[in-house]
Every structure is written in structure tokens, then in C-alpha cells.
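Working notes, beginning with the structure itself.
If you want it as C-alpha cells, here you go:
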């Protein structure tokens, strides 16, 4: 390829200026979106109920009992402070704990009052308080209107609009359907008196007057499980990693409700942990009480038997030898009894470990007099592990890894404890054998005493043994009561929740307005930006310059007339001046190229509808009006058009001449424009491309050049058929019409290839149907002064004929015409 046709393709750069223009031209969209966004923000700020946050602070410490000794300890360690903190975290979020809190506060009872825009939570802001009878049914999800008449009387009313309602029993946590027998209910009641109705049971208490007389308030009941689920979302965090300080935080529209719930939750946690801390001592006391009942009976029987013997035999004291033997046997009997209690405890504990999976009922080893540290530690640990496992069951599913770990620890502790029990039992049996041997030797000495002394000594032994056992149990019970009384909860309330003012976290008015401004700008920006990116149609000259090296000859504005004879009908209009500018540019091109004699211009486009025929007619018109003999050829043989605007017929035309069915004189038709004649296409032929390649076409062009100054060729669209390429050889200048917001950018590829390869020369673009947007002034800069007067606002006034403004009816008619 020769250097003449080596044309560098234009580089594509993003059209920032075009995007800016598109944004500016959509300023109304931005205003509307901003107005909507700020309206929504205002609605949220004004109508949405405020949301508050309240918090409290508690400490979880491992507070040891001040009476803790190896002999008196009836408590156990759960695994240290860390484990207690984790347990407290789980409990505070557990369903069981929150059910207890909701029940204690009766937070399923809702108080409402009419607000400015909607009903507001009036908890602790009403002149009355309602206490529900949890042993009776209450209607749920239906507001009851309460109107206070005075400090002693109130009115309760309700409308039953549905056929049936659900009644809930907050004691048993069950519900059933209820059908009212009347469409409404209204009645007066006394404060302090029970309200017993099929749908409401409880009592109202007058607190103090907070409001105006006869102001309606509303009472309703919520689904219990729904309320519990809502409060289970309470936020509980540690102050820092590994810290024993817990911060509880809750959000809601009523600060008093939040404060009460946080403090009640902490108090119930405190009570529950203390109760579980005392559980070991409580179980021990229960075991001792059961044992004492049996022991009291045995002691009474022994005492009665001893007194009866003394009275019957008149023997009230043992002699010196008998007294010494009695003291010795009493000591030995107490030892054997103690050893036997230990052995019984070991046997019971062994059976318990082998047959049970829960260990809440294991009594303290000290009850049986066991002071062995390994046994006591093992019992304490297995109870602690079992208790921890039970707590995790409140909030975790069975099968989670923590249960497997706890089960492994329990099994390991059980194995060690069983080994310690086995060795301890062997030691105790040895101790029992030694003590019984000593008793046997002492009993041999007793047989040497008189018979009455022997019988008295026997009865005295029974009484002393029962009294010793009874005193031991009393001692252990006092010990357990002392430990229980001295226990304090491991939960310490550091900072209870309190309404000190403030605490509002929503709606954030400033943030909402800032978000409104951001969204109000960003949404239309994104819309315009995406539309700009997806828009593949040519909008302005900058698009053409980026897509092609072909120069722009002129810009033609949007025509305001219905037909194509814009120059003829409005010769002083801006659009007529635009065509004169195109004429001047063409004349300059002819002069530069050295074209003499008749001059031809071919007008084509990518597809139909871009204004090719419109431009052909008006360019021919401006040449004819300049006293140049001009002829317009309709060479779009497949879709002839130009005859309709000139009010001439298309019965005969170029086709007839090319097939030698008519002479030149017969196909040339005059128009109403001086110096302008037209040759229409004629009837549609079956082979238009072949006709245009006919030698008759060469002859036609030669004859026309002899008779006319300017020859305008209205050719078919270049992007649809190849006819226009065949006609390029007859033209001195070629015009490629592009319509704003209609011609697709990809359609320029074909003409660019033809231009870069040299197949098409002397070609220029004309941007048609151009509607000027803010930021783009195309009055100057393209071609040679085209577009004078178009789009200058006040600067162009007076030089051109202004189009008549259409009435509303005319605009509506034009709109419907355009849609047809």
C-alpha cells in the first residue's frame, strides 16, 4: 500500500468531557433524586421512633468462702474465673435465663400511647400498672384501650374485628383459640380490684397521674417466645480479653424498659449462680436431715431402753472397772462407726459413678468423715464438670466439640476417682479390722464383770453410739449451714444500668442527611454513567473525531418543519444557514482540488433514517438558489424517496434511462425551486447494483456534466448495500451523513476501512439532526464556518428567522405523528 493511504487510526480515549456534559444535561434528574433522598431522610428523622442504648457492668469473680477449710468446705470450684465468665456469657444469652427475666418483669405486657406519628412505647409512662395473673389466659396481639377517669376508676374497651383470637397462658406457656360472643367490649373497673374477663385477667394499680384526664392508653400482650427471642440478642462482651468484667448492652425505644431488663438480668444471674454455688451445701443438708430422722429414733429407743434397765435393776452407774471399759468401748465403737460410714460412702459413691451420668446428688465426703484430699477433690471436680455441661446445654447443640471435651474430662476424673475409692476402701477395711480386734479383747474383760454390770454396759454402749452419731450429724449440719450462709455470689454489680439522659443512637439525623446527599448524587450519577458507557450512538463531533480520521464537513441542526424542504420553506432559518455553510465548504474543497466545470457530490450514510435524502435535497436547494444549475439524482434505486417532497411522480427515472427505456429529456423533471431539476429513481428494478455498473450510467454522468453546474447524487446507504461504492468514481466530493443519537459508533468501521485503504477519497462527515447540549459549541471549529447562528443563544438573535412556537395542541399532534 502506498504511503498516500497509510493513515494512522485514531486512539480511543475515554470521553470525560462527554460524561460531564451528560451529567450536566441531566441536572433535573439530580435535583429530583436529591429531593427524594432528603425527603426520605427527613421522614426517617422525624417519624422514626428514637432508639436508645443502655448498659451495665458486672464482675465475675471466684469469691472463696471465708469459712473454707479442708474440714468444712462444702463448696466446689467450677474451674476458675475464666470458666465462670464463659458460663455467665452463655447464661445471659440462653433461652432459659431470658425466659426467667421476661417472666419476672412480665415484659410480654406492652404499654402504648398515641404519638405524633404513631403509637409509642409508654412503659413506666402511664398512670397505671398492670400485673397479669399468670394462672389465667390473656389475649395476645390485640390492643386494649385503657382510659383513666380518676384515681380510682378506669375504662377498658376493645373491638373484636376478627372472628377469633389466640389466648395465651403465661404460666403453662400454652395457648388456645377463643371466639368472642360480642363485636366489642367496654366496661368500667376499679384500680386494685381483680379484672376477671375471658380475655384479660389481672389487676390494675393506680401509680400517679402522668397526663391528662381521659387520655387513652393501650395495653397489649405479646407472644412469649417472640419476646424472649428479642431479648436473647442482648450484647454481652468482656471489657478485654481474659477480663472478668462483663458489659451488657441493650437497644430499644424505651430507656426505662432497657434499664429494668439489664438490671433484672444481672440480679437473676447473681441469684442463680449463688443458688448453684450453694447447691452442694443444700444437697448435703438434705442428706443430713434424712439421716437425722433415723438417728433420732435410734437414740430415743436407746435412751428409753437404758432408763428402763436402770429403773428395773436399781443400778444407775457402772463401777470403776465397768466405767473404764465403757469409755474404751465407746471410743472403739465410734471409730468403727466412723470407718463404717466411710466404707458405706465409698460403696455408694462407687455405685453412683458406675450407674449414673449426672452427679448433682452426690453428698459431700465430709458428711461421712472423709478427709482424704484426693477423694474430695475428685468429687468436687466431677460435680463441677457435670454442672458446666448442664449449663452449656442451655445454648449449645449436643454434639459440639465442647461437649466431647467435657465428657473426656468427666470420664478421666471418674477413672481416677474409682481408683482412689478402691484403695481407700482397702485402707478403711484394715482400720475396721484393727478396731474390732480391740473391741473383742475389751468384750472378754467385760465378761468378768457381774451380770447386771455387763447388761448395763451393753445398753450404755448402744446409747453412747447413737448419741455420738447424732452429735456428728448435728455438727455437720451446722457446718453446712455456716458455709451456705457465708457464701456470696460470684456476680458483683459494678455499675447498674441507669437513665442519666442521652443514650440515643438512632436515628442519626446528621448521618441520614449526609447519606441522603451521597445517595441522592451517587444514584443518578451511576445511572447516567452506566447509560453513558452503554450508549453506542454518536452524540457529538468529539465522538466522530475519536472514531475516525475523516474530517467533519458540517453540522446540521434539528429541523422544525415536517417535510424535507427546509431551505426552501425557511430560507432565513439557522438550519438553512447550516446548509449554506456546507455549500461553502464544498466549494472550498473543489477549489483546493482544482475541480473545474461541473462538480458532483455523492451523499450517503450508514443506514436508512439518518437524513441522507434530507441533506441531499437541501444541499441541492442551496446550490440552485445561488443561481447554479443543479440536478438531484435519486440513485437509491431500492428505496426511492425524493419525488414526494417536490410533488412530482416517480413513474419514470434513472432506472428507465439505464435500461434505455427513456431519454434524458424524458426523465428530467422540474421543481418549484429555480435552477433545480430532479431525476427520480423510477420503478424499483430487480438488479439495482448491476444497473448502476451499466455503461449507460457513465453516459448519463457525462451528459449531466455537460448541462449542469452541480450534480447531487442521493445514493443508497453505504452500510446496507455496495451501490454507493460503485458510485464514488463519479463524485468529486463525498458526504457521509451521521445522525446524532441514531448512528451507532460501530457503523463507522466500514467507511473507515474504505477510507484508510484508499477506496474512498474526498469524503467528509456531516452531523445531522444535531441538538446542542450544554458544554458543546459546534458553531465554529469544524470544516469552514458551517453552522452560523445555530446554538448561539442571545448572540445569534436577529440574524436568522426564528421558528414559530407551536401550541400545546400542535405539539401533541406532532407527537402522535412521530409515533405513527
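Residue numbers (this note's numbering): 1 to 820.
No residue lacks a Cβ here, since even glycine has one placed at the ideal position from N, Cα and C.
Going by Cα to Cα distance, which pick from the options is closest to residue i?
i	options	result
residue 540	769, 731 and 405	769
residue 409	431, 385 and 392	385
residue 712	658, 604 and 723	604
residue 476	571, 392, 365 and 567	365
residue 216	155, 164 and 490	155
residue 129	208, 49 and 504	208
residue 383	399, 402, 372 and 356	356
residue 685	165, 545 and 653	653
residue 519	18, 26 and 41	41
residue 667	694, 703 and 192	703
residue 158	145, 692 and 286	145
residue 255	504, 344 and 247	504
residue 558	551, 550, 579 and 552	579
residue 238	687, 231, 247 and 230	247
residue 609	525, 660, 716 and 648	716
Return the first residue and the last residue of the beta strand (DSSP E) that residue i is part of.
i	result
residue 762	Neither: residue 762 is in no beta strand (DSSP E) and is coded neither H nor E.
residue 667	Taken as a continuous stretch (DSSP letters only), residue 667 belongs to no beta strand (DSSP E), being part of the alpha helix (DSSP H) at 664-667.
residue 196	194-196
residue 175	174-178
Could you tell me the distance, in whole angstroms, from the CA atom of residue i to the CA atom of residue j?
i	j	result
residue 194	residue 112	21 Å
residue 662	residue 29	60 Å
residue 24	residue 537	19 Å
residue 625	residue 576	11 Å
residue 374	residue 380	10 Å
residue 167	residue 281	42 Å
residue 759	residue 724	12 Å
residue 530	residue 54	45 Å
residue 599	residue 733	8 Å
residue 250	residue 174	28 Å
residue 547	residue 753	12 Å
residue 740	residue 612	13 Å
residue 412	residue 89	27 Å
With DSSP run on the structure shown, which of helix, strand or coil describes residue i?
i	result
residue 209	coil
residue 685	coil
residue 777	Confidence in residue 777 is poor, its pLDDT being 45 and thus under 50, which makes the residue's placement unreliable; the coordinate value appears in the next sentence. Correct three-state label for residue 777: coil.
residue 524	helix
residue 162	coil
residue 425	helix
residue 504	strand
residue 338	helix
residue 740	coil
residue 489	coil
residue 30	helix
residue 107	coil
residue 798	Residue confidence for residue 798 is low, a pLDDT of 45 falling below 50, so the modelled location carries little weight; the figure read from the coordinates is stated next. Coil, per DSSP.
residue 188	strand
residue 646	coil
residue 569	helix
residue 552	strand
residue 248	strand
residue 497	coil
residue 57	strand
residue 40	helix
From the DSSP output, read off the bridge partner residues of residue i.
i	result
residue 138	168
residue 600	711
residue 121	112
residue 331	Note: residue 331 sits in no beta bridge, so no partner.
residue 466	Paired residues: none, contrary to the question.
residue 217	113 and 146
residue 676	630
residue 694	Partner(s): none; residue 694 has no beta bridge.
Under DSSP, the alpha helix (DSSP H) around residue i begins and ends at which residues?
i	result
residue 230	224-231
residue 749	748-757
residue 541	541-547
residue 824	This structure gives no information on residue 824, because the portion of the chain shown stretches from 1 to 820.
residue 21	16-25
residue 577	574-593
residue 616	612-625
residue 655	654-658
I want to check one thing, is the minimum distance from the CB of residue i to the heavy atoms of the ligand GTP below 7 Å?
i	result
residue 267	No copy of the ligand GTP occurs in the structure displayed, which carries no ligand at all.
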